[in-house]
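The sequence shown begins at 2 in our numbering and counts up by one. Take a look at the structure set out below.
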Amino acid sequence: MQNKIKTSLLTLITAASLSAHSYGMDKQSDFVMIHSAWTGGWQWQQVNSALSKKGHTYSSPDLPGHGADNTPAGAIDLDSYVSSMVSVLDARQSASILVGHSFGGVVASQVAEARPEKVKAIVYLCAFMLPDGYSFMDATAGVKNSEVLNNLVFSEDKTSVSIADEALHSAVAHEVPVELFNQVKPNLVAEPTAPLSAKLQLTAGNYGSIPRYFVQCENDNALPVEQQQFMIEQSPVEWSYKLESSHMPVFTMPERVAEILDDVANREEVRKATLTANNNWIKAFNTKNIIAVTNTYTENAVLNARPFGTYSGREEISRFWEKMLADGASDFRLTESRVFVLDDKRATSYGLWEMNKGQGIIYKSIWNLDADGKAKLSEGDFEMLR
Numbered sequence: 002m003q004n005k006i007k008t009s010l011l012t013l014i015t016a017a018s019l020s021a022h023s024y025g026m027d028k029q030s031d032f033v034m035i036h037s038a039w040t041g042g043w044q045w046q047q048v049n050s051a052l053s054k055k056g057h058t059y060s061s062p063d064l065p066g067h068g069a070d071n072t073p074a075g076a077i078d079l080d081s082y083v084s085s086m087v088s089v090l091d092a093r094q095s096a097s098i099l100v101g102h103s104f105g106g107v108v109a110s111q112v113a114e115a116r117p118e119k120v121k122a123i124v125y126l127c128a129f130m131l132p133d134g135y136s137f138m139d140a141t142a143g144v145k146n147s148e149v150l151n152n153l154v155f156s157e158d159k160t161s162v163s164i165a166d167e168a169l170h171s172a173v174a175h176e177v178p179v180e181l182f183n184q185v186k187p188n189l190v191a192e193p194t195a196p197l198s199a200k201l202q203l204t205a206g207n208y209g210s211i212p213r214y215f216v217q218c219e220n221d222n223a224l225p226v227e228q229q230q231f232m233i234e235q236s237p238v239e240w241s242y243k244l245e246s247s248h249m250p251v252f253t254m255p256e257r258v259a260e261i262l263d264d265v266a267n268r269e270e271v272r273k274a275t276l277t278a279n280n281n282w283i284k285a286f287n288t289k290n291i292i293a294v295t296n297t298y299t300e301n302a303v304l305n306a307r308p309f310g311t312y313s314g315r316e317e318i319s320r321f322w323e324k325m326l327a328d329g330a331s332d333f334r335l336t337e338s339r340v341f342v343l344d345d346k347r348a349t350s351y352g353l354w355e356m357n358k359g360q361g362i363i364y365k366s367i368w369n370l371d372a373d374g375k376a377k378l379s380e381g382d383f384e385m386l387r
């Protein structure tokens, strides 16, 4: 473990002097990484390398006033951060997965609100995942056992804040050997204070429509795991991961962080395939294309269609839908719908629906990815209420 940490830190020492990076092989998924307070895009160097080996692309820019960006602290607010990240997203060819570390989670949330169509998912890496109307300062007001919050040192003009030097190592990276951490310290910067007190402005239609994931760090002295768990309880996520790490897993276990991000990417591919297949089924139903309707199901699928009956196998299911269409059923649409990804090959969906013959509830639809990456229905359970 110590050798791995040493390798990671030595690489970071070199990377810290470089400006923002954007690399990748043939794209599988694209990640935009938002660094924590006091650091820079360089903190992601080892994670980025591991992501690239998995075929992903990434961008890890410096926020204003960090890394190679020399914007004065007094000229920076949360909008400065958001604008810089929106520019990065706008330059990407497709929607990206946002990854926010620590305070970077606050930035990620507001960026997602500004560009929901460019954000596939948000990953909070031991990060501040806050509700609408809250600021970093609001969220930390009642936290008593954070070694970071208990050791903040503000500049004389109050435009920036640092962590007391004697507490810095223990607060953020106690698992990293002191002599190695000391080589990274010169690359840390004072954090502008204005973004810390800025209240998030989030809506259900933008930020709230984007899948969220959380990575808990269980040995975190900066953002105690109890606070991380509280944020998850207040704002439920698609999936929560756990790492036995300090506040800086990007230093201590970058490959494991990359594995988690890869899993998120796979889950979002399952979501995309499920939504596509679901929409294709609706289109096929409304155009009375019984072959396409039937081909949505696996060979041994089971359909519980209340109050009509239970149908086993593709042939029985086909006859059921063929009769429904022959009886004049049409204009099917979902009025509410939710997809929950079970793992990297399965998802379940549920919701409310209506058509010309009535309306009802989809209690459960189980979707499985086939060898071609297409989602197929293996189980359905719905009810027509009227």
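Glycine included, C-beta positions come from ideal geometry on N, C-alpha and C. This structure is a prediction, so every number in the text was calculated from the model and none was measured.
Put simply, of N305, N296, D80 the residue whose alpha carbon is nearest the alpha carbon of S319 is N296. Taking a C-beta distance under 8 Å as the contact criterion, E355 and R339 do not qualify as a contact pair. I233 places its beta carbon 8 Å or farther from that of I123. Relative to the Cα of R272, the nearest Cα in the group G106, K121, E192 belongs to K121. Assigned with DSSP and collapsed to three states, R257 falls in helix. If you look at V89, you'll find it isn't in any beta strand (DSSP E); it sits in the alpha helix (DSSP H) that goes 79–92. In terms of Cβ geometry, Q111 and V83 form a close pair [threshold 8 Å]. Distance from the CA atom of D80 to the CA atom of D373, rounded to whole angstroms, is 43 Å. Rounded to whole angstroms, the gap between the alpha carbons of A172 and A223 is 5 Å. From the listed residues A376, A96, Q230, P117, the smallest Cα separation to K346 is found for A376. If you check the CB distance, H36 and H67 come in under 8 Å. About 11 Å separates the CB atoms of L64 and G101; that is not less than 8 Å, and the two are not in contact. Minimum Cα-Cα distance from G209 among the listed residues L197, T253, L131, K200 corresponds to L131. Sequence-distant Cβ neighbours of T349 in its own chain, meaning closer than 8 Å and more than five residues away, are V340, F341, L343, K365, S366, I367, W368.
Taking T288 as reference, the option from A306, E317, W322 with the minimal CA-CA separation is W322.
In this model, P250 and C218 are separated by some 8 Å (Cα to Cα).
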